[in-house]
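J.:
There are 2 protein chains.
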Amino acid sequence: MLKVATVNVNGIRAAYRRGMAAWLEQTDPEILLMQEVRATDEVLRDHLGGDWHIAHAEPVIEGSKGRAGVAIASRRPIKLETVDPGPERFAGCGRWVEAEIVLDDGNTLSAISTYVFTGEFETPPRQAEKYAFLDAITNRLTALRADGRHVLMCGDLNIAHREVDLKAWKANRKKSGFLPEERAWLDSLFESGWVDLGRRFGGEGPGPYSWWSWRGKAFDNDAGWRIDYQIASPQLAASATDCVIHRAPTYAERWSDHAPVVATYEI
Amino acid sequence: MLKVATVNVNGIRAAYRRGMAAWLEQTDPEILLMQEVRATDEVLRDHLGGDWHIAHAEPVIEGSKGRAGVAIASRRPIKLETVDPGPERFAGCGRWVEAEIVLDDGNTLSAISTYVFTGEFETPPRQAEKYAFLDAITNRLTALRADGRHVLMCGDLNIAHREVDLKAWKANRKKSGFLPEERAWLDSLFESGWVDLGRRFGGEGPGPYSWWSWRGKAFDNDAGWRIDYQIASPQLAASATDCVIHRAPTYAERWSDHAPVVATYEI
DNA sequence: CTTGGTAGG
DNA sequence: CCTATCAAG
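Residue numbers (UniProt numbering), protein chains in the order written: chain A, 1 to 267; chain B, 1 to 267.
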């Protein structure tokens with residue numbers, strides 16, 4: 001049995017200050033994938049404490065200190081760590097990290113933590129960067145699946161797939177995060193066999209969501225988006241028994257603007 | 001009877017967040033002089049609320065947004081507001097404001113709120129700026145006293161006068177804030193008739209102090225400095241009946257790193 | 001150790 | 001509305 005949790009922590013320091021440690025102890029995942037770590041490697045390791053093997057893509061490009069950052073913490077050893085999804089333009093961006101982990105059955109799992117660009121900003125234009133990153137993901141996933149291993153991509157894709165995946169879908173049809181091109185990218189991913197565990201176990205919807213703006217009453221009104229995913233290769237997906245979003249009971253109990261997505265695989 | 005309070009609020013927003021309003025309501029001064037307001041005029045007025053006449057020197061020089069700022073809030077009308085101590089080099093620095101207030105006896109009071117430069121930084125060198133500001137103060141005070149009005153200069157002078165005015169005087173003999181030249185400036189001010197109300201009513205010392213670093217256990221150990229003053233012209237000083245420093249009971253009850261200095265004048 | 005401004009989300 | 005960095009104190 002393999003319990004996997006993914007969450008955009010929105011700053012590991014702030015998350016711990018607000019109570020992430022209690023959630024982690026109670027949930028006790030075998031693998032924890034994080035996005036927006038927003039800290040140095042030293043700070044990340046200090047917060048998580050011992051007994052973890054950690055793969056961390058800290059952004060290294062100029063002016064990116066305290067931004068982005070993705071990591072994978074594993075109770076089992078990490079055989080190989082790979083940073084960046086491939087193309088040179090994304091070198092050191094702190095948005096992609098892979099960890100090869102050997103499972104009980106001897107098979108290899110490539111676990112991925114990714115944090116896709118927000119496309120919503122006009123200056124500089126970021127939507128093109130987002131599409132380029134999605135392309136890079138497609139290529140990298142295809143390469144990883146070639147040798148038959150298990151692949152699990154987790155993270156904040158900054159895309160809601162269908163109308164049931166965000167509360168205000170009508171108002172957001174022309175907004176980055178719910179553009180036809182972005183949704184089509186997820187369509188083609190799922191059509192080629194990758195499985196969206198959140199939707200498989202999340203019912204018909206609308207909801208559940210995984211992100212709510214801190215602003216106004218977005219959380220209390222459940223005006224959220226499902227933009228955080230566990231996306232598994234077919235064989236791995238077939239072994240899944242559960243996938244739930246850990247929405248905090250109250251606004252005050254949130255320790256991130258995102259909620260964890262937690263899945264169990266019988267593998 | 002005229003109750004006057006002066007305090008370096010270290011950011012009016014932070015001070016209100018931490019409980020300044022309760023202190024202000026309980027103390028209920030006729031005139032409240034503030035330093036390090038660190039806010040726009042609109043924000044200052046929003047926080048103080050109605051029923052005040054306000055003179056505010058907001059810093060206007062490039063890159064000074066959110067820094068310095070001195071203000072005078074008065075329950076009685078302010079006849080004339082003057083900003084800056086005079087020399088062009090201090091134009092718009094947000095460290096000096098005067099308010100002319102007509103007293104019950106028909107006399108005019110020039111109340112001053114000032115925030116003298118910290119000299120402790122090496123790059124850029126600030127000690128020279130501090131001495132130049134002290135010179136400007138001397139000249140301006142002399143001019144104000146010429147026509148026989150009452151003058152009350154309140155504020156954070158960033159100078160402890162004598163050994164009894166800071167806990168660690170031995171360790172600070174070569175530090176800005178307790179340099180011989182700075183102490184001599186206060187000596188000559190008091191020798192020319194200006195009166196340090198805090199010392200007149202504060203006993204022999206050591207202490208009381210008006211500022212403690214936020215760092216370490218400075219507050220709990222009372223490792224402070226008396227750098228906040230009410231300095232009155234001779235006639236006004238003669239009418240004073242009391243001057244006390246409102247040190248918070250506990251660290252948690254502080255709403256600034258400085259404590260208010262509150263005096264009463266029978267005039 | 002705390003302040004506010006700032007860029008980013 | 002929240003994150004972190006930054007200069008300043």
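For every residue, glycine included, the Cβ atom is placed at its ideal position computed from N, Cα and C. None of these values were measured; they are calculated from a predicted model.
Among B:V244, B:I31, B:L48, whose alpha-carbon lies nearest the alpha-carbon of B:I12?
T.: Selected option, being the one with the closest Cα: B:L48.
J.: Please list the terminal residues of the continuous alpha helix (DSSP H) segment that includes A:S233.
T.: Careful: A:S233 lies outside any alpha helix (DSSP H) and carries neither H nor E.
J.: Note down, one range per segment and in chain order, each alpha helix (DSSP H) of at least 4 residues found wholly within the region 151 to 234 of chain B.
T.: Here the runs fully enclosed are 180 to 191, 197 to 201.
J.: Per DSSP, what are the beta-bridge partners of A:L32 in this structure?
T.: DSSP lists A:A5, A:A73 as partners of A:L32.
J.: My understanding is that B:V151 touches B:L166, with C-beta atoms under 8 Å, so please give their C-beta distance in whole angstroms.
T.: B:V151 to B:L166, Cβ: 26 Å. No contact.
J.: Would you list the one or two residues that DSSP bridges to B:V102?
T.: Paired residue(s): B:T108.
J.: Report, in whole angstroms, the separation of the C-beta atoms of B:R76 and B:V43, which I expect to be a contact under 8 Å.
T.: Contact flag wrong, Cβ pair sits at about 23 Å.
J.: Give a yes or no on whether the C-beta atoms belonging to B:W212 and B:G224 are separated by under 8 Å.
T.: Yes, these two residues count as a Cβ contact at 8 Å.
J.: Does the region 154 to 162 of chain B come within contact of the region 30 to 44 of chain B, defined as at least 3 CB pairs closer than 8 Å?
T.: Yes, the region 154 to 162 of chain B is in contact with the region 30 to 44 of chain B.
J.: Given this structure, state the Cα-to-Cα distance separating A:E204 from A:V164, to the nearest angstrom.
T.: If I take the Cα positions, the gap works out to 8 Å.
J.: Do you know whose CA, among B:P208, B:Y229, B:N8, B:K174, lies nearest B:W194's CA?
T.: Of the listed residues, the one whose Cα sits closest to B:W194 is B:Y229.
J.: Mind checking whether A:E191 and A:I159 have CB atoms under 8 Å apart?
T.: Going by C-beta atoms, A:E191 is not nearer than 8 Å to A:I159.
J.: So, helix, strand or coil for B:W52, using DSSP?
T.: In this structure, B:W52 counts as coil in the three-state DSSP scheme.
J.: With which residues is B:S113 paired in a DSSP beta bridge?
T.: B:S113 pairs with B:V97, B:C154.
J.: Using the Cβ count rule (16 or more neighbours within 10 Å means buried), how would you classify B:L236?
T.: Burial call: buried.
J.: What is the DSSP secondary structure of B:V244, counted as helix, strand or coil?
T.: In the structure shown, B:V244 sits in a strand (DSSP, three-state: E or B).
J.: Using only the alpha-carbon positions, how far apart do A:A136 and A:P87 sit?
T.: One C-alpha to the other measures close to 7 Å.
J.: Shortest alpha-carbon distance to A:R226 belongs to which of A:H56, A:K130, A:T6?
T.: Of the listed residues, the one whose Cα sits closest to A:R226 is A:T6.
J.: Let me know the secondary structure DSSP gives A:V261 once reduced to three states.
T.: The answer is strand: DSSP assigns A:V261 an E or B state.
J.: Cutting at 6 Å between CB atoms, please list the residues of its own chain near B:Y209, excluding the five before and the five after it.
T.: Correct list, in chain order: G224, W225, R226.
J.: Pull the bridge partners of B:E81 from the DSSP assignment, please.
T.: In the DSSP output, where bridge partners are listed per residue, B:E81 has B:A99.
J.: Taking B:D84 as the reference, give the member of B:T114, B:R17, B:R199, B:G106 with the closest Cα.
T.: Here the closest residue by C-alpha is B:T114.
J.: From the DSSP secondary-structure annotation, give me the bridge partner or partners of B:A22.
T.: Answer is none; B:A22 lacks a bridge partner.
J.: Start and end of the alpha helix (DSSP H) containing A:N139?
T.: A:N139 -> alpha helix (DSSP H) spans 127 to 145.
J.: In chain order, what residues of the same chain have a beta carbon less than 7 Å from the beta carbon of B:L144, not counting five sequence neighbours either side?
T.: Result list for B:L144: S110, V151, in chain order.
J.: Around the C-beta of A:Y265, are 16 or more other C-beta atoms found within 10 angstroms, so that it is buried, or is it exposed?
T.: Label assigned to A:Y265: buried.
J.: With distances taken between CB atoms, is the gap from B:E120 to B:A99 smaller than 8 Å?
T.: Not in contact: B:E120 and B:A99 (Cβ atoms no closer than 8 Å).
J.: Less than 7 Å between C-beta atoms, sequence neighbours within five positions excluded: which residues of the same chain meet that for B:N139?
T.: Contacts found: G86.
J.: Keeping to the same chain, check which residues put their C-beta closer than 6 Å to that of B:F117; ignore five residues upstream and five downstream.
T.: Closer than 6 Å at Cβ, skipping near neighbours: R126, E129, K130, F133.
J.: So, using beta-carbon positions, are B:C243 and B:A218 closer together than 8 Å?
T.: It is not a contact, given that the beta carbons lie outside the stated cut-off.
J.: Rounded to the nearest angstrom, what separates B:P249 and A:P260 at their Cα positions?
T.: Going from the Cα of B:P249 to the Cα of A:P260 covers about 43 Å.
J.: Taking the beta carbon of B:P59 as the centre, do at least 16 other beta carbons fall within 10 Å, making it buried, or is it exposed?
T.: So B:P59 counts as buried.
J.: Let me make sure I understand the geometry here. Which of A:T241, A:A15, A:A168, A:K170 has the alpha-carbon closest to that of A:G202?
T.: It is A:T241 whose Cα lies nearest to the Cα of A:G202.
J.: If you count every other CB in all the chains shown that lies within 10 Å of the CB of B:N8, and 16 or more means buried, which is it?
T.: Buried, because 16 or more other Cβ atoms sit within 10 Å of the Cβ of B:N8.
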